[in-house]
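Undergrad: Order-wise, the sequence lines are chains A and B.
Under my numbering, the first residue of the first sequence carries the number 1, and numbering increases by one thereafter.
Under my numbering, the first residue of the second sequence carries the number 11, and numbering increases by one thereafter.
The following block contains the structure, expressed as C-alpha cells.
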Amino acid sequence: PGEYSKKDEL
Amino acid sequence: MNIFRLAGDLAHVFAIIILLLKIWKTRSCAGISGKSQILFALVYLTRYLDLFTTYVSLYNSVMKVLFLASSGATVYLMYVKFRATYDRNHDSFRIEFLLVPCLLLSLLINHEFTVMEVLWTFSIYLESVAILPQLFMVSKTGEAESITSHYLFALGSYRALYLLNWVYRYIVESHYDLIAIFAGIVQTILYCDFFYLYITKVLKGKKLQLPA
Chain A
1 PGEYSKKDEL
Chain B
11 MNIFRLAGDL AHVFAIIILL LKIWKTRSCA GISGKSQILF ALVYLTRYLD
61 LFTTYVSLYN SVMKVLFLAS SGATVYLMYV KFRATYDRNH DSFRIEFLLV
111 PCLLLSLLIN HEFTVMEVLW TFSIYLESVA ILPQLFMVSK TGEAESITSH
161 YLFALGSYRA LYLLNWVYRY IVESHYDLIA IFAGIVQTIL YCDFFYLYIT
211 KVLKGKKLQL PA
C-alpha cells in the first residue's frame, strides 16, 4: 500500500 | 463497524472501567501488574499517534482519547497515588524481554517502513503480549481477586471478539490485515488457560486459584 493506510480499527 | 467489533470495543471499555473501579473503590492495586498497565499505556501511545492527524470518526476519536486517558490514569493510580499497595515483589516480569523483540519484529515485519506504520506495528505486537506480566503475577501469587478475574475476562474477550470482526470483514468487505490477525490470535491464545479457569471456577463462585 502507498501512503500510510488509514486504520479504522482501535 | 460491525457487531463483533462494537462488542469487542465495549468489552475493552468495560475491562478498563472494572480495573479503575477496583483500584479506586478498594484504594488498592493489590494483585494488579503495574508492568502490564505500563505496556498497555505504551500500546495506546504508539498506536494512537494519528489521533490528531487522521480523523476516522467521532467514535474512533472518542475511544482513542478514552483509552489514552484511562491507561494514563491507571498507571498514575498504581505508581503514585496508591503506590504503597503496589505489589512490586510479585510483579517481577522483565518487560524488556517483551519490548525488545516486539520492536525488532516491528522493524522486520510491517506493511510499510515508515515511522507511523512501524510504531503502529510495534503497538500491535506489544499488545499481544502486554498481559503476560499480569498472568505471570497471578501465577506467582497463585490466585486473583474475583474482580481482577472479571477484568481479565473482559480484556481477553475484547480481542477474541476482534478475531470474529476480522472474519466478518474478510467475508463481507474482503478486508484483512495479517499483522493484526496474527497478533490477535497470539493475544487470545495467551488467555485460553485463564478463560478455562474463569469459566470452570469463577463463574461457579469459587476463587480463581491456579494450581500451585
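Positions of the beta carbon are idealized from the N, C-alpha and C atoms, including for glycine.
This one's a predicted model, so the numbers in the text were calculated from it and none came from an experiment.
1) Contact defined as beta carbons within less than 8 Å: I believe residue 47 of chain B pairs with residue 88 of chain B. What is the distance between those atoms, to the nearest angstrom?
2) Given this structure, state the Cα-to-Cα distance separating residue 191 of chain B from residue 176 of chain B, to the nearest angstrom.
3) From which residue to which residue does the alpha helix (DSSP H) around residue 101 of chain B run?
4) Is the distance from the Cβ of residue 79 of chain B to the Cβ of residue 30 of chain B below 8 Å?
5) Please name the residue or residues paired with residue 9 of chain A in a DSSP beta bridge.
6) Hey, does residue 66 of chain B have any beta-carbon neighbour from chain A nearer than 8 Å?
7) Tell me the rounded alpha-carbon separation between residue 137 of chain B and residue 12 of chain B.
8) Assuming residue 161 of chain B and residue 17 of chain B form a contact by the criterion Cβ under 8 Å, report the distance between their Cβ atoms to the nearest whole angstrom.
9) Quick one: what's residue 218 of chain B bridged to in DSSP?
10) So, residue 96 of chain B versus residue 112 of chain B, is the Cβ gap smaller than 8 Å?
11) Output, in chain order, the set of chain A residues within a Cβ distance shorter than 9 Å of residue 88 of chain B.
12) For my contact list, residue 201 of chain B and residue 166 of chain B are in at a C-beta cut-off of 8 Å; report their separation, rounded to the angstrom.
13) DSSP three-state label for residue 67 of chain B, please.
14) Would you mind reading off the limits of the alpha helix (DSSP H) that contains residue 133 of chain B?
15) On a Cα-Cα basis, can you pick out the residue from B:125, B:132, B:92, B:90 that is closest to residue 110 of chain B?
16) From residue 43 of chain B to residue 54 of chain B, what distance separates their C-alpha atoms?
17) Could you confirm whether any beta carbon from chain A is found closer than 8 Å to the beta carbon of residue 130 of chain B?
18) Answer with buried or exposed for residue 221 of chain B, where buried requires no fewer than 16 other C-beta atoms within 10 angstroms of its C-beta.
19) Where do the ends of the alpha helix (DSSP H) carrying residue 49 of chain B lie?
20) At a CB distance below 8 Å, what residues from the segment 137 to 160 of chain B approach chain A? Give them in sequence order.
21) How would you call residue 212 of chain B, buried or exposed, if buried means at least 16 neighbouring beta carbons within 10 angstroms?
TA: Quick look at the numbers:
1) The residue you call residue 47 of chain B lines up with position 37 of the second sequence. The residue you call residue 88 of chain B lines up with position 78 of the second sequence. Residue 47 of chain B to residue 88 of chain B, Cβ: 6 Å. Contact.
2) Against the second sequence, residue 191 of chain B aligns to sequence position 181. Against the second sequence, residue 176 of chain B aligns to sequence position 166. One C-alpha to the other measures close to 7 Å.
3) Stepping through the second sequence from its first residue, residue 101 of chain B is reached at position 91. Element bounds for residue 101 of chain B: n/a, residue is neither H nor E.
4) Taking the first residue of the second sequence as 1, we reach residue 79 of chain B at position 69. Taking the first residue of the second sequence as 1, we reach residue 30 of chain B at position 20. Taking 8 Å as the Cβ cut-off, residue 79 of chain B and residue 30 of chain B do not qualify as a contacting pair.
5) Reading the first sequence from its first residue, position 9 is the one you call residue 9 of chain A. Bridge partners of residue 9 of chain A: none, in fact.
6) In the second sequence, counting from the first residue as 1, residue 66 of chain B sits at position 56. Residue 66 of chain B counts as touching chain A.
7) Residue 137 of chain B sits at position 127 when you count from the first residue of the second sequence. Residue 12 of chain B sits at position 2 when you count from the first residue of the second sequence. When the Cα atoms are used, residue 137 of chain B and residue 12 of chain B turn out to be separated by approximately 22 Å.
8) Numbered from 1 along the second sequence, position 151 holds the residue referred to as residue 161 of chain B. Numbered from 1 along the second sequence, position 7 holds the residue referred to as residue 17 of chain B. In fact, because the Cβ distance is near 17 Å, the residues do not count as touching under 8 Å.
9) In the second sequence, residue 218 of chain B corresponds to position 208, counting from 1. As a beta-bridge residue in DSSP terms, residue 218 of chain B pairs with B:154.
10) The residue labelled residue 96 of chain B in the question sits at position 86 within the second sequence. The residue labelled residue 112 of chain B in the question sits at position 102 within the second sequence. No, the Cβ-Cβ distance between residue 96 of chain B and residue 112 of chain B is not below 8 Å.
11) Along the second sequence, read from residue 1 onward, the residue named residue 88 of chain B stands at position 78. Here the premise fails: no neighbours, minimum Cβ distance about 23 Å.
12) In the second sequence, the residue the question calls residue 201 of chain B occupies position 191. In the second sequence, the residue the question calls residue 166 of chain B occupies position 156. Residue 201 of chain B to residue 166 of chain B, Cβ: 3 Å. Contact.
13) Residue numbering aside, residue 67 of chain B sits at position 57 when the second sequence is read from its first letter. Looking at residue 67 of chain B - three-state DSSP - the assignment turns out to be coil, as it is neither helix nor strand.
14) Position 123 of the second sequence holds residue 133 of chain B. It spans 125 to 139 - the alpha helix (DSSP H) in which residue 133 of chain B sits, taken as one unbroken run.
15) Translated into positions along the second sequence, residue 110 of chain B becomes position 100. Cα-wise, what sits closest to residue 110 of chain B is B:132.
16) In the second sequence, the residue the question calls residue 43 of chain B occupies position 33. In the second sequence, the residue the question calls residue 54 of chain B occupies position 44. Answer to the nearest angstrom: the Cα atoms are 17 Å apart.
17) In the second sequence, residue 130 of chain B corresponds to position 120, counting from 1. Cβ-Cβ to chain A under 8 Å: yes for residue 130 of chain B.
18) In the second sequence, residue 221 of chain B corresponds to position 211, counting from 1. Residue 221 of chain B should be labelled exposed.
19) Indexing the second sequence from 1 puts residue 49 of chain B at position 39. Residue 49 of chain B -> alpha helix (DSSP H) spans 44 to 57.
20) none
21) As a working mapping, residue 212 of chain B is identified with position 202 in the second sequence. Per the 10 Å Cβ criterion, buried.
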